[in-house]
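Novice: Pasting a structure below so you can have a look.
Number of protein chains: 2
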Amino acid sequence: MTSRGAGKQVRKSAAERRGEIVAAAARVGLQEGLECVTRQRIADGLGVQPGLIHHYFPVVEELVAEAFTSATAAELDGLLPSTAAPERVGGDALRTLQRFFTLISGAEFDDISKLWINARHLSRYRPVLRDQVVSQELRWCHRIEQIIAEGVGERSFRCDDPWAAAVRILAVVDGAGAYINTSADQRMAPLADLARRIAEAELGLPADGLRSP
Amino acid sequence: MTSRGAGKQVRKSAAERRGEIVAAAARVGLQEGLECVTRQRIADGLGVQPGLIHHYFPVVEELVAEAFTSATAAELDGLLPSTAAPERVGGDALRTLQRFFTLISGAEFDDISKLWINARHLSRYRPVLRDQVVSQELRWCHRIEQIIAEGVGERSFRCDDPWAAAVRILAVVDGAGAYINTSADQRMAPLADLARRIAEAELGLPADGLRSP
DNA sequence: GATGCTATTGGCTTTGCTGCCAATTGAGTA
DNA sequence: TACTCAATTGGCAGCAAAGCCAATAGCATC
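Which chain is which? The protein sequence lines are W and Z, in order.
Counting in this note's numbering, the final residue of the first sequence is number 259, and the numbers go up one at a time with none missing.
Counting in this note's numbering, the final residue of the second sequence is number 259, and the numbers go up one at a time with none missing.
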């Protein structure tokens, strides 16, 4: 039903159309899964013909990969604003992490968990996607590492190896999110604060030191 | 090339043939991925016609689900022999877990990690598979819980809530295995002993208490 | 207003998987 | 040996996706 009908074709600049396509693909990938990112599905969503998608992305896998990157990059900035981001002021590495652990506990994070599982599995067969997934995984890690390093500088955290700590914290986050499509319900309680608790241990914080006030 | 040719049809008992099919499907699912479990692929592997697969599994998804269950159930018994298993003697909960953490560090565990990711993602679209995945996830959890409880009885472990501990330990195991298709190489070192260390903490053991002698 | 560029259309073919089924044939039984 | 039943064959059609492309039609420029 999205802007159905028309019939009259709307001609846009290549950059704008391309952006639209990637955005639509990212939305579909996030909500319905990356295997639903097909020429037909994206074309329908935009009210254009499938051929147009092929014009911008002759190889569908490249669109899938870009959709994934678009979705996760945006999400990362929402969950963990970079040090350079305008909304971040100095001296709040602690608060940034507190906010992070609150956000990933919310139901809004479920789609992201599903997307990561989706992408990590699909990477087994799709090298182009795989490269993007690896790249994004490392971006997320580096972002955490950066915040940890900042917090160590501010004397909020105590940590010898911010990179290793970041890798471990994210692994636990991913582990706790791994059951989102299956037995998540049966595991709720024991996993509720696991990632936060591990992070507190990694960063030399007292219990609940990363819980939002 | 597997028993190619023939041409002469070989007639087996329904139970035997069915077992062959599931075994072949489990092998394909484990090594190539569950989406490679198709009528054609399995028939080729067994040197029969695709129609025969349909005879035993009119709905392919049911074969996929059974293949998954077959593979993971066998693996569970290999990694964590049940208390009732013949090779387990009394008083070795500790040794069983030590062995477990050694085994999951080996490269042989990679295919299992891939299979779990595969199945957890596919469960998003396939309800029949999903039920089996949930069931197996809980089986793995219960097996660990059982061993923890046994170890607590033997005074090897200290743990108030074996179920919660089992859930958390498996979550970390899954988290550390989540990158097997993507950035596993870049994360090796920090994740090497993460699951074992977390388990030691959960079970009130000293550092390296679960490392194999 | 005419022209040229290119975004966009609306098909095409190939491929692979699913669900289905009538005919055949092998093996155990009378 | 002949019979019977079920395992097995070897096809069928439907569908959805990918990759491809010639023709069409907006928009900018002259």
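For each residue, glycine too, the CB sits at the ideal point set by N, CA and C.
The structure displayed is predicted, hence computed values, not measured ones.
(1) Going by alpha carbons, who is nearest to Z:Ala210 out of W:Arg214, W:Trp209, W:Leu237?
(2) Could you tell me whether the stretch 114 to 128 of chain Z touches the stretch 69 to 82 of chain Z, using the rule of 3 or more Cβ pairs below 8 angstroms?
(3) Among the candidates Z:Ala247, Z:Ile88, Z:Ser181, whose CA atom is the shortest distance from the CA of Z:Ile67?
(4) So W:Asp239 is in the alpha helix (DSSP H); what residue range does that whole segment cover?
(5) Do you know offhand how far W:Ile336's Cα is from W:Ala230's?
(6) By the DSSP assignment, the alpha helix (DSSP H) with Z:Gln95 in it spans what residues?
(7) Does any C-beta atom of chain W lie closer than 7 angstroms to the C-beta of Z:Ala238?
(8) Quick one: does Z:Ile163 have its CB under 7 angstroms from some CB of chain W?
(9) Report all residues from its chain with a CB closer than 8 angstroms to the CB of W:Phe203; omit the five preceding and five following residues, and keep chain order.
(10) Select from the stretch 169 to 183 of chain Z all residues with a C-beta closer than 8 angstroms to any C-beta belonging to chain W, and list them in chain order.
(11) Can you have a look at Z:Pro173 and say buried or exposed, based on whether 16 or more other CB atoms are within 10 angstroms of its CB?
(12) Do Z:Ala241 and Z:Ala222 have their beta-carbon atoms positioned less than 7 angstroms apart in this structure?
(13) Going along chain W in order, which residues have a C-beta closer than 9 angstroms to the C-beta of Z:Pro232?
(14) Return the chain-ordered list of same chain residues with a C-beta closer than 6 angstroms to the C-beta of Z:His101, the five sequence neighbours on each side being excluded.
(15) Leaving out the 5 sequence neighbours to the left and right, which residues in its chain are closer than 7 angstroms to Z:Glu62 when beta-carbon positions are compared?
(16) Residue range of the alpha helix (DSSP H) that W:Leu149 falls in?
(17) Which one of Z:Val83, Z:Ala117, Z:Gly93, Z:Pro208 has the shortest CA to CA distance from Z:Phe103?
(18) Which runs of the alpha helix (DSSP H) fall wholly inside the stretch 191 to 256 of chain Z and span at least 4 residues, in chain order?
(19) DSSP on W:Tyr171, reduced to helix/strand/coil?
(20) Please work out which residues of its chain come closer than 6 angstroms, Cβ to Cβ, to W:Phe147, disregarding the five sequence neighbours upstream and downstream, and give them in chain order.
(21) Can you give me the start and stop residues for the alpha helix (DSSP H) that Z:Gly124 sits inside?
(22) Does any C-beta atom of chain W lie closer than 7 angstroms to the C-beta of Z:Ala222?
(23) Since Z:Ile244 contacts Z:Val218 with CB under 8 angstroms, what's their CB separation in whole angstroms?
(24) For Z:Leu80 versus Z:Val110, is the C-beta distance shorter than 7 angstroms?
(25) If you follow the alpha helix (DSSP H) that W:Leu76 is part of, which residue opens it and which one closes it?
(26) Grab me the residues of Z:Ala72's own chain with a C-beta within less than 6 angstroms of its C-beta, minus the 5 sequence neighbours each way, in chain order.
(27) Under 7 angstroms, Cβ to Cβ, is there at least one residue of chain W near Z:Thr84?
(28) Scan the stretch 195 to 219 of chain Z for residues whose Cβ lies nearer than 9 angstroms to a Cβ of chain W and list them as they occur along the chain.
(29) Could you confirm whether any beta carbon from chain W is found closer than 7 angstroms to the beta carbon of Z:Ser116?
(30) Under 7 angstroms Cβ to Cβ from W:Tyr225, same chain only, skipping five residues before and after it: list those, please.
(31) Is the separation between the beta-carbon of W:Thr228 and that of Z:Ser59 shorter than 7 angstroms?
(32) Can you check which of these residues, W:Val94, W:Arg85, W:Ala212, W:Pro127, is closest to W:Glu108 by C-alpha distance?
Specialist: On the basis of the supplied data:
(1) Locating residue 210 of chain Z in the second sequence gives position 164, counting from the first residue. Checking every option, the nearest Cα to that of Z:Ala210 belongs to W:Leu237.
(2) yes
(3) Taking the second sequence and counting its residues from 1, the one referred to as residue 67 of chain Z is at position 21. Nearest option by C-alpha distance: Z:Ile88.
(4) By one-based count along the first sequence, residue 239 of chain W stands at place 193. Where W:Asp239 is concerned, there is no enclosing alpha helix (DSSP H), given that its DSSP letter is neither H nor E.
(5) The structure shown does not extend to residue 336 of chain W, since chain W is modelled only from 47 through 259, so no value can be given for it.
(6) The residue given as residue 95 of chain Z occupies position 49 in the second sequence. Neither: Z:Gln95 is in no alpha helix (DSSP H) and is coded neither H nor E.
(7) Position 192 of the second sequence, counted from the start, is the residue given in the question as residue 238 of chain Z. No, Z:Ala238 lies away from the interface with chain W (no Cβ there is under 7 angstroms from its Cβ).
(8) Taking the second sequence and counting its residues from 1, one reaches residue 163 of chain Z at position 117. So yes, Z:Ile163 belongs to the interface.
(9) Position 157 of the first sequence, counting from 1, holds the residue named residue 203 of chain W. The residues are Ala139, Leu140, Ile194, Gly197, Leu249, Gly250, Leu251.
(10) Ser169, Arg170, Tyr171, Arg176, Val179, Val180, Glu183
(11) Numbered from 1 along the second sequence, position 127 holds the residue referred to as residue 173 of chain Z. Exposed, since its Cβ has fewer than 16 Cβ neighbours within 10 Å.
(12) Within the second sequence, numbered from 1, the residue matching residue 222 of chain Z stands at position 176. Within the second sequence, numbered from 1, the residue matching residue 241 of chain Z stands at position 195. Yes; because the gap between Cβ atoms is below 7 angstroms, this pair is in contact.
(13) As a first step, residue 232 of chain Z is located in the second sequence; it is residue number 186 there, counting from the start. In the sequence under discussion, the amino acid at residue 232 of chain Z is Gln, which differs from the Pro named in the question. Within 9 angstroms Cβ-Cβ: Val180, Glu183, Leu184, Cys187, Val213.
(14) By 1-based counting over the second sequence, the position of residue 101 of chain Z is 55. If we look at Z:His101 and ignore the five residues flanking it on each side, it has no Cβ neighbours.
(15) Residue mapping note: residue 62 of chain Z aligns to position 16 of the second sequence, counting from 1. Contacts found: none.
(16) By one-based count along the first sequence, residue 149 of chain W stands at place 103. 139 to 149 is the span of the alpha helix (DSSP H), which, as asked, contains W:Leu149.
(17) One-based indexing of the second sequence puts residue 103 of chain Z at position 57. Of the listed residues, the one whose Cα sits closest to Z:Phe103 is Z:Val83.
(18) 208 to 223, 230 to 237, 240 to 248
(19) For this step, residue 171 of chain W is matched to residue 125 along the first sequence. The answer is coil: DSSP assigns W:Tyr171 none of H, G, I, E or B.
(20) Along the first sequence, one-based indexing puts residue 147 of chain W at 101. Contacts found: Arg242, Leu256.
(21) In the second sequence, counting from the first residue as 1, residue 124 of chain Z sits at position 78. 106 to 125 is the span of the alpha helix (DSSP H), which, as asked, contains Z:Gly124.
(22) Counted from its first residue, the second sequence places residue 222 of chain Z at position 176. Chain W, which has a Cβ nearer than 7 angstroms to the Cβ of Z:Ala222, makes this yes.
(23) Numbered from its first residue, the second sequence carries residue 244 of chain Z at position 198. Numbered from its first residue, the second sequence carries residue 218 of chain Z at position 172. Contact holds; Cβ gap of about 5 angstroms.
(24) Within the second sequence, residue 80 of chain Z is the residue found at index 34, counting from 1. Within the second sequence, residue 110 of chain Z is the residue found at index 64, counting from 1. Yes, these two residues count as a Cβ contact at 7 angstroms.
(25) Residue numbering aside, residue 76 of chain W sits at position 30 when the first sequence is read from its first letter. Run containing W:Leu76: 60 to 77, per the alpha helix (DSSP H) assignment.
(26) For this step, residue 72 of chain Z is matched to residue 26 along the second sequence. The residues are Ala113, Ser116, Ala117.
(27) Taking the second sequence and counting its residues from 1, the one referred to as residue 84 of chain Z is at position 38. No - not a single Cβ of chain W is within 7 angstroms of the one on Z:Thr84.
(28) Asp207, Trp209, Ala210, Ala211, Ala212, Val213, Arg214, Leu216, Ala217, Val218, Val219
(29) Along the second sequence, read from residue 1 onward, the residue named residue 116 of chain Z stands at position 70. Answer no: the Cβ-Cβ gap between Z:Ser116 and chain W never drops below 7 angstroms.
(30) The residue labelled residue 225 of chain W in the question sits at position 179 within the first sequence. So the qualifying residues of the chain are Arg233.
(31) Along the first sequence, one-based indexing puts residue 228 of chain W at 182. Along the second sequence, one-based indexing puts residue 59 of chain Z at 13. No, these two residues do not count as a Cβ contact at 7 angstroms.
(32) Numbered from its first residue, the first sequence carries residue 108 of chain W at position 62. Taking only the C-alpha atoms, the option nearest W:Glu108 is W:Arg85.
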